Structures are given as structure tokens and as C-alpha cells.
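Colleague:
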Amino acid sequence: MSDVILRADGGEITVGRQIGSFVWGRWDVTLPSDVSLKDQPDTRMAEGFLYKPEDLPKGRFDLRGVRADSSQTMVAKKSGEIDYSLSTSDTEQVLDAAEKRIEGNLFFEKDITTDGLGIYEPGVDFHEDDLVDVMLWGKRLPDLPVTAIDIAAERGSAERWRVHVGGQPIADAAALRSSREKIFAQIAAERREAASKLGVVSRQAASAVKTADGAAKTAGKALSTAQGAVHDSEVANQAARSAIQTAKQADLKSEEGKQQAIAANTTANEAQQTSIEALQKASRANEQAAATNRELISKNAEWNKLQDRGLNELAAQQESMKRYIDLSRPSSVTVSTWDPVWAGPVHVSYPSNNHIQLYLKESAYVIGASILGIARVNALRGYSFSFTADMTAGQTYTPQVGGFEAFNQVSVTVHPIVNFAAILSEERRKRGLQ
Numbered sequence: 429m430s431d432v433i434l435r436a437d438g439g440e441i442t443v444g445r446q447i448g449s450f451v452w453g454r455w456d457v458t459l460p461s462d463v464s465l466k467d468q469p470d471t472r473m474a475e476g477f478l479y480k481p482e483d484l485p486k487g488r489f490d491l492r493g494v495r496a497d498s499s500q501t502m503v504a505k506k507s508g509e510i511d512y513s514l515s516t517s518d519t520e521q522v523l524d525a526a527e528k529r530i531e532g533n534l535f536f537e538k539d540i541t542t543d544g545l546g547i548y549e550p551g552v553d554f555h556e557d558d559l560v561d562v563m564l565w566g567k568r569l570p571d572l573p574v575t576a577i578d579i580a581a582e583r584g585s586a587e588r589w590r591v592h593v594g595g596q597p598i599a600d601a602a603a604l605r606s607s608r609e610k611i612f613a614q615i616a617a618e619r620r621e622a623a624s625k626l627g628v629v630s631r632q633a634a635s636a637v638k639t640a641d642g643a644a645k646t647a648g649k650a651l652s653t654a655q656g657a658v659h660d661s662e663v664a665n666q667a668a669r670s671a672i673q674t675a676k677q678a679d680l681k682s683e684e685g686k687q688q689a690i691a692a693n694t695t696a697n698e699a700q701q702t703s704i705e706a707l708q709k710a711s712r713a714n715e716q717a718a719a720t721n722r723e724l725i726s727k728n729a730e731w732n733k734l735q736d737r738g739l740n741e742l743a744a745q746q747e748s749m750k751r752y753i754d755l756s757r758p759s760s761v762t763v764s765t766w767d768p769v770w771a772g773p774v775h776v777s778y779p780s781n782n783h784i785q786l787y788l789k790e791s792a793y794v795i796g797a798s799i800l801g802i803a804r805v806n807a808l809r810g811y812s813f814s815f816t817a818d819m820t821a822g823q824t825y826t827p828q829v830g831g832f833e834a835f836n837q838v839s840v841t842v843h844p845i846v847n848f849a850a851i852l853s854e855e856r857r858k859r860g861l862q
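Take any residue in the sequence shown, count from 1 to its spot, add 428: that is its number in my numbering.
(1) Going along the chain, which residues of its own chain have a beta-carbon closer than 7 Å to the beta-carbon of isoleucine 540, five neighbours each way excluded?
(2) Would you check if the region 821-841 and the region 851-861 touch, i.e. whether three or more CB-CB distances between them fall below 8 Å?
(3) What does a CB cutoff of less than 6 Å around alanine 496 pick up in its chain, not counting 5 residues either side in sequence?
(4) Measuring CB to CB, does threonine 458 end up less than 8 Å from alanine 576?
(5) Please name the residue in Lys505, Tyr479, Gly508 and Tyr512 whose C-alpha comes closest to that of serine 498.
(6) Find out if the Cβ-Cβ distance for the pair isoleucine 802, serine 814 is shorter than 8 Å.
(7) At 4 residues or longer, and completely inside the region 803-850: list those alpha helix (DSSP H) runs for me, N to C.
(8) Under three-state DSSP, which class holds isoleucine 784?
(9) Figure out for me which residue from Phe832, Ser791, Gly810 and Val838 has the closest Cα to the Cα of methionine 819.
(10) Specify the secondary structure class of serine 748 as computed by DSSP and reduced to three states.
(11) Span of the alpha helix (DSSP H) holding leucine 545?
(12) Contact between the region 828-843 and the region 780-795 is defined here as three or more beta-carbon pairs at a separation below 8 Å; is this criterion met?
(13) If you drop the 5 nearest sequence neighbours on each side, which residues of the same chain put their C-beta closer than 8 Å to that of leucine 572?
(14) Using alpha carbons as the reference points, say which of Ala821, Met473, Gly772 and Ser812 lies closest to glycine 796.
(15) So valine 846 and serine 756 are supposed to be a Cβ contact under 8 Å. How far apart are they, rounded?
(16) I'd like to know whether the C-beta atoms of isoleucine 851 and serine 748 end up nearer to each other than 8 Å.
(17) Please state the DSSP three-state secondary structure of leucine 424.
(18) Cutting at 6 Å between CB atoms, please list the residues of its own chain near serine 430, excluding the five before and the five after it.
(19) Starting from serine 498, follow the beta strand (DSSP E) in both directions and report where the run begins and ends.
(20) Could you spell out where the beta strand (DSSP E) holding glycine 476 opens and where it closes?
(21) Express the C-alpha separation of aspartate 754 and tryptophan 770 in angstroms, rounding to a whole number.
(22) Just to confirm, is the Cβ distance from valine 574 to glutamate 556 under 8 Å?
(23) What residue range is occupied by the uninterrupted beta strand (DSSP E) comprising alanine 436?
(24) So which of His843, Thr542, Lys506 and Gln500 has the shortest CA-CA distance to tyrosine 752?
(25) Spell out the partners DSSP gives lysine 567 in its beta bridges.
(26) Leucine 572 by DSSP, collapsed to three states: which one?
(27) Sorted by chain position, which residues of the same chain lie with C-beta nearer than 8 Å to glycine 584's C-beta, five sequence neighbours on each side aside?
(28) Would you decide whether alanine 718 is buried or exposed? Buried here means 16 or more other CB atoms lie within 10 Å of its CB.
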């Protein structure tokens with residue numbers, strides 16, 4: 429039940445007849461992105477189900493059914509098994525709502541003025557497409573949809589509200605809740621998947637940073653080794669120059685002077701060899717430092733790339749969720765003239781007096797819609813006419829009444845069915861993630 433309770437002093441209630449004896453529809457299962465089936469399904473066919481409620485009248489010709497699609501979103505554990513505690517399914521809600529539709533729709537419709545709103549204010553406490561409760565003759569009618577909110581200005585008084593409640597099957601209020609719960613469940617699943625992907629990227633980035641730190645330390649050691657080798661080379665060169673100077677000053681005429689010159693030359697040669705080896709060591713150390721610096725630059729570039737990818741992935745998820753919620757919002761419209769109008773993605777028009785034409789435009793994102801409608805019909809005795817439909821993109825649906833009857837007014841509510849995967853794919857493609 430709703431927290432908002434309005435009061436009505438009357439209204440119109442219509443009880444519909446039984447419209448079917450069983451439920452059928454699609455059985456959609458959404459698997460995690462990293463899970464694949466061993467046997468790929470045939471894309472030309474779809475999984476379906478057939479459900480026959482108990483305790484319904486059974487006759488020789490009770491073979492009519494209503495369609496109600498069911499969806500399951502599976503979440504996998506790290507081990508690869510299905511996590512049933514986090515997985516979601518709307519099967520129970522869909523079958524319960526379909527069973528009520530089979531039993532017969534109940535309609536209530538009433539314009540509630542400011543006097544019946546009490547302490548509640550439209551646009552603050554409730555909005556169009558919200559579900560409210562209505563007190564009628566001491567009875568509480570739960571979960572009635574608000575289909576229109578208007579301001580009715582009266583002469584000599586302040587602005588007054590006129591809230592139109594009903595105009596849709598009360599049994600289909602469950603469809604509104606199911607649609608919203610499905611949206612929030614899918615958003616939560618996508619957030620968990622995004623968090624998992626970001627966790628992998630963060631671990632890769634941390635590994636890249638650790639490798640870069642190690643490469644920086646290696647480069648520092650190599651540079652230190654090169655500096656020590658250069659210092660050893662300078663010391664050896666100084667010793668060589670000193671030995672050569674000693675050899676020049678030696679007296680070559682005496683035997684002792686000759687021995688000093690030979691010893692000095694030997695020392696100079698050894699010092700020069702040490703200097704050459706030190707320079708070669710410094711050269712190798714410099715080459716190692718250069719290679720390490722190149723690896724460090726590469727690791728930094730890899731880390732920056734991983735970080736940018738993680739941020740872009742998060743931005744794509746957030747923008748996709750925002751677009752999904754915007755496209756999934758229900759739309760309502762009331763038509764009483766010959767001018768065609770749009771109810772969200774559905775075009776509503778009057779091709780003739782006793783026909784209403786609904787067309788769901790082609791779209792890569794809105795792949796279907798659930799239609800709820802109720803109309804006033806002019807006949808020998810006016811009555812209300814209701815209809816429901818599940819449409820796919822590009823489909824046209826045309827409800828009609830008798831040839832000598834005419835539609836006076838029709839209220840249509842559209843619940844779009846949005847392809848979140850297509851939106852996410854486009855957002856990821858915009859950011860170069862595909």
C-alpha cells in the first residue's frame with residue numbers, strides 16, 4: 429500500500445470478464461559477461477514457458493491465453509557457480525500479475541479535486557505514474573495509478589488541483605512495481621560487474637606501479653655503479669700519469685734508473701688497463717640504466733593506460749545507467765482530438781472513429797513496450813473500453829470497437845523495455861573500450 433491516501437466521493441468501477449485460461453511468454457536469462465554457454469542457442473528461436481493457474485474455470489473451449497514475459501539475471505561467483513543469493517528473477521511477480529489479469533480486470537477512475545487531496549500536494553508528495561491509495565465510502569482501494577495532474581482555476585478562487593486517478597487496470601499496478609524493481613536490480617548487477625572490472629584494473633595498475641618502482645631502484649643502482657666506475661677510471665688514469673712521469677725522470681744510464689723506468693712503465697700500463705676496464709664497466713652500467721629507464725617509461729605508460737581505461741569504464745557504466753533510467757520512464761498521454769501525439773516512444777493516432785493506432789518506432793535501445801489503455805466509447809449507451817498490449821520495435825497495434833461506435837477519449841500509458849546492453853556497448857565504443 430501507498431503512504432499517500434486520497435479521498436473520493438464517487439467514481440466509476442468496471443469489472444472485466446475472464447480473458448484467458450493460461451499464461452505464456454518468453455523465458456529470458458541474462459548471464460554475466462564472462463560466462464559463456466557450451467552449446468550456443470539458435471538465434472532464430474527464443475526460450476518460452478507455459479503456465480496454467482489452478483482453480484480457474486475449465487470448459488471445452490477454454491484455450492485462450494495471455495502473454496507475460498519473464499526475465500532472470502544471473503550472477504556468478506569467483507568459482508564460476510551461480511550465486512542464487514545475488515541473482516534476481518521477476519517470475520513470481522509476473523505470474524501473479526498475469527493470473528489476476530486472467531481472472532478479470534478491475535477498473536476504477538475518478539477526478540479528485542483539492543478537497544479530496546487532504547494534506548498531500550501533487551508534485552511534492554506524489555507525481556504522475558505514482559501509485560496512491562484512495563478511500564471510497566470507507567473502503568481503501570490500494571495502489572491506484574495517478575494518470576494525470578492538472579490545475580483547474582476557478583473564478584474568484586486560488587488555483588485548485590485536479591488529479592485523475594485510475595484509468596488503468598488495478599491488477600496491472602504490479603507491473604509498475606515489477607518494472608521498477610527490474611530496473612533497480614539490473615542497475616545493481618551492473619554496478620557489481622563494474623566494481624569487479626575496476627578491481628582487476630586496480631590490481632593490474634598496482635602491479636605496474638610495483639614493477640615501475642623496482643625498475644627505478646635498478647636504474648638508481650646502475651647509475652651508482654657507473655659513477656663508481658668513472659671514479660675508479662679517474663684514479664687509474666692519475667696513477668698512470670704519475671708512473672709515466674716517474675719513468676721520464678729516471679736515469680736511464682744507470683742500472684737502477686733503468687729498473688725504475690721499467691717498473692714505472694709497467695705500473696702505467698696496469699693503470700691504463702684498469703682505467704679501460706673501469707670505463708667499460710661504466711659504459712655497461714650506463715647501458716643498463718638506459719634500458720631500465722626505457723622499461724620504467726613503458727611501465728608508467730602502461731599504468732596510465734590502465735588507469736584511463738578504468739576511469740573510462742566507470743564513466744561508461746554511469747552514463748549507461750543514467751540513459752537506461754531516462755528511457756525506461758513510463759509515459760502517459762490522453763487523446764481526445766484527431767491530432768496524433770507521442771507517448772514516449774509510441775505514436776498514438778486515430779485512423780478512423782472506431783480505431784486507435786499505436787506504433788512503436790524503430791530504435792536500437794527501446795526494443796519493446798507494455799501498453800495499458802482505457803478509452804471512453806460513444807455508443808447507444810457509453811461505456812469504457814480497456815486494452816493491453818506487448819509491442820516490439822516497429823510494430824503497430826490497432827484496438828477497435830464496433831462499426832457504429834466511436835472513441836471519445838483514450839488514455840494510454842507506455843512502459844518502455846530498454847536494451848541496456850546496446851546502450852553500454854555504445855558508451856564503451858565512444859570511449860574506445862571496444
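Where is the CB? At the ideal position from N, CA and C, for every residue including glycine. From a predicted model like this one, the values you see are computed outputs, not experimental measurements.
Modeller: Working from what's here:
(1) Leu434, Ala436, Val591 and Val593
(2) Verdict: no, contact absent.
(3) Val451, Gly453, Val522 and Ala526
(4) Between threonine 458 and alanine 576, the C-beta gap is not smaller than 8 Å, which leaves the two residues out of contact.
(5) Taking only the C-alpha atoms, the option nearest serine 498 is Tyr479.
(6) yes
(7) none
(8) Note: isoleucine 784 maps to strand in three-state DSSP.
(9) When only C-alpha atoms are compared, the closest one is Ser791.
(10) helix
(11) 542-545
(12) yes
(13) Phe536, Leu559, Val560, Asp561, Val562, Val593, Gly594, Ile598 and Ala601
(14) For glycine 796, the nearest C-alpha among the options comes from Ala821.
(15) Confirmed, Cβ separation roughly 5 Å.
(16) It is a contact, given that the beta carbons lie within the stated cut-off.
(17) There is simply no residue 424 to check, as the chain begins at 429 and stops at 862 in what is shown.
(18) Leu559, Val560 and Asp561
(19) According to the DSSP assignment, serine 498 belongs to the beta strand (DSSP E) that extends over 498-501.
(20) 476-479
(21) 16 Å
(22) yes
(23) 433-436
(24) His843
(25) Leu564
(26) strand
(27) With a pLDDT of 47 at glycine 584, under the threshold of 50, the modelled position of this residue cannot be trusted, and the question is left open.
(28) exposed
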